[in-house]
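Before any comments, here is the structure.
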Ligand SMILES: *Cc1c(COP(=O)(O)O)cnc(C)c1O
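See below:
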């Protein structure tokens, strides 16, 4: 927590706004909007809920094809299944680790020639690293396909100085406990179009029609954020810039201290990219004599938790039958990549200890 959260939560209690409605939600949406090109925002109960609503707003129905990044957390893909639609999974490119624009175009072309044009694209900015937005938007626009930007891990990142989440037709953020800022649990939908966001708020609050009694003409959801969570979010937004700076400093530290180990490389920013470096990730060289599990277990023995990178969705039992476009990039990332401890509460001594442990293995 940054400091002001408790004050905002106290305000919520003092004014008795303990509900999925209240002044802190409005203020949180306003503040988020200010850092998102003044686009419209619907604050929701989770990032997953935001993706689900984004697909509903784009009129995704049973049997539709929806393209999605394969190298991601399952929450990017699950909402496609909630709607009975078919995920089409696209592998990563080597330099950003995000959706490969070439494979994306192949998938679209094949869909069109099979008379089944994909209805939407969910593309992810993993670990806070921007995807190649100019290429992806160019492709999406030239085939007239809507884009949902999953920026759950990428609040505070930019591409050509534009905030991630504002490139696509719709963007989503997550404020889950593990993200760069948190409301304990929460998310948001971002859209330039005010009507879309008003519709999202309507759907997120059980789709209640205007009437003195309870009247419903469409299916609704209980997806609004609570006013108490939004109060936490207000405090967290005040420290977002600081968090990004801290994350970038942690990344810089690892990069500098581990530069002598030739078998280890880092995920680097491309031209125009500015990453929040939510997590610092490393990739072990194919020729490395030490594999990912050896390094992970070596750290674990000393009570240092490092985690494998996301396991690609096309390799997950639940999505193995989905159509996928694969080039081997994410399979290798999963096999040889690791997330290093990246919490902004890490002390200098702790960082030193982690780096020392890693070096120990390579210098032995
Ligand atoms: C965390 C995350 C989500 C889901 O957000 P929740 O708020 O946890 O529902 C979606 N996509 C990615 C890439 C994430 O990391």
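Numbering (the numbering used here), first residue to last: 3 to 366. Where is the CB? At the ideal position from N, CA and C, for every residue including glycine. The model shown is predicted, which means the values in this text are computed figures rather than measured ones.
CB contact check: residue i to chain B, cutoff 7 Å
{"i": "residue 297", "result": "Chain labels in this structure do not include chain B; a single protein chain is all it has."}
Supposed contact pair residue j and residue i - C-beta distance, whole angstroms, cut 8 Å
{"i": "residue 236", "j": "residue 33", "result": "6 Å"}
{"i": "residue 128", "j": "residue 100", "result": "6 Å"}
{"i": "residue 280", "j": "residue 174", "result": "Wrong, their Cβ atoms sit about 15 Å apart, outside the cutoff."}
{"i": "residue 89", "j": "residue 227", "result": "Their Cβ separation, rounded to whole angstroms, is 27 Å, which puts residue 89 and residue 227 out of contact at 8 Å."}
{"i": "residue 59", "j": "residue 172", "result": "7 Å"}
{"i": "residue 348", "j": "residue 292", "result": "The pair is not a contact, with the Cβ atoms about 23 Å apart (cut-off 8 Å)."}
{"i": "residue 156", "j": "residue 166", "result": "4 Å"}
{"i": "residue 20", "j": "residue 230", "result": "6 Å"}
{"i": "residue 93", "j": "residue 105", "result": "6 Å"}
{"i": "residue 187", "j": "residue 178", "result": "6 Å"}
{"i": "residue 49", "j": "residue 219", "result": "Actually they are not in contact, since the Cβ atoms of residue 49 and residue 219 sit about 28 Å apart, beyond 8 Å."}
Beta-carbon gap between residue i and residue j smaller than 7 Å
{"i": "residue 2", "j": "residue 62", "result": "Absent from the structure is residue 2, since the part of the chain shown begins at 3 and ends at 366."}
{"i": "residue 120", "j": "residue 67", "result": "yes"}
{"i": "residue 27", "j": "residue 232", "result": "yes"}
{"i": "residue 223", "j": "residue 206", "result": "yes"}
{"i": "residue 308", "j": "residue 298", "result": "yes"}
{"i": "residue 170", "j": "residue 151", "result": "yes"}
{"i": "residue 138", "j": "residue 103", "result": "yes"}
{"i": "residue 336", "j": "residue 313", "result": "yes"}
{"i": "residue 342", "j": "residue 256", "result": "yes"}
{"i": "residue 142", "j": "residue 123", "result": "yes"}
{"i": "residue 301", "j": "residue 358", "result": "no"}
{"i": "residue 287", "j": "residue 270", "result": "no"}
{"i": "residue 332", "j": "residue 73", "result": "yes"}
{"i": "residue 189", "j": "residue 46", "result": "yes"}
{"i": "residue 158", "j": "residue 242", "result": "yes"}
{"i": "residue 339", "j": "residue 282", "result": "no"}
{"i": "residue 185", "j": "residue 114", "result": "no"}
{"i": "residue 25", "j": "residue 54", "result": "no"}
{"i": "residue 71", "j": "residue 108", "result": "no"}
{"i": "residue 79", "j": "residue 315", "result": "yes"}
{"i": "residue 356", "j": "residue 306", "result": "yes"}
{"i": "residue 346", "j": "residue 210", "result": "no"}
{"i": "residue 10", "j": "residue 168", "result": "no"}
{"i": "residue 191", "j": "residue 6", "result": "no"}
{"i": "residue 267", "j": "residue 285", "result": "yes"}
{"i": "residue 344", "j": "residue 221", "result": "no"}
{"i": "residue 145", "j": "residue 199", "result": "no"}
Under the three-state DSSP convention, the category residue i falls into
{"i": "residue 88", "result": "strand"}
{"i": "residue 126", "result": "strand"}
{"i": "residue 155", "result": "coil"}
{"i": "residue 349", "result": "coil"}
{"i": "residue 23", "result": "coil"}
{"i": "residue 61", "result": "coil"}
{"i": "residue 76", "result": "helix"}
{"i": "residue 81", "result": "helix"}
{"i": "residue 161", "result": "strand"}
{"i": "residue 109", "result": "helix"}
{"i": "residue 376", "result": "Residue 376 is absent from the structure shown; the chain starts at 3 and stops at 366."}
{"i": "residue 139", "result": "helix"}
{"i": "residue 276", "result": "strand"}
{"i": "residue 260", "result": "coil"}
{"i": "residue 334", "result": "helix"}
{"i": "residue 34", "result": "helix"}
{"i": "residue 145", "result": "coil"}
{"i": "residue 16", "result": "helix"}
{"i": "residue 44", "result": "strand"}
{"i": "residue 67", "result": "strand"}
{"i": "residue 115", "result": "helix"}
{"i": "residue 3", "result": "coil"}
{"i": "residue 340", "result": "strand"}
{"i": "residue 55", "result": "helix"}
{"i": "residue 363", "result": "helix"}
{"i": "residue 247", "result": "helix"}
{"i": "residue 49", "result": "helix"}
Length-filtered (3 minimum) beta strand (DSSP E) runs lying within the segment 182 to 241: The segment 182 to 241 contains these whole beta strand (DSSP E) runs: 189 to 193.
Residues whose Cβ lies closer than 6 Å to any heavy atom of ligand 1, in chain order: Taking each Cβ in turn, the ones that pass are 48, 49, 50, 74, 75, 77, 78, 126, 152, 154, 155, 176, 178 and 189.
Every unbroken alpha helix (DSSP H) within the segment 290 to 332, with a cutoff of 4 residues, ordered by chain: Those alpha helix (DSSP H) runs which fall completely within the segment 290 to 332 and span 4+ residues are 294 to 302.
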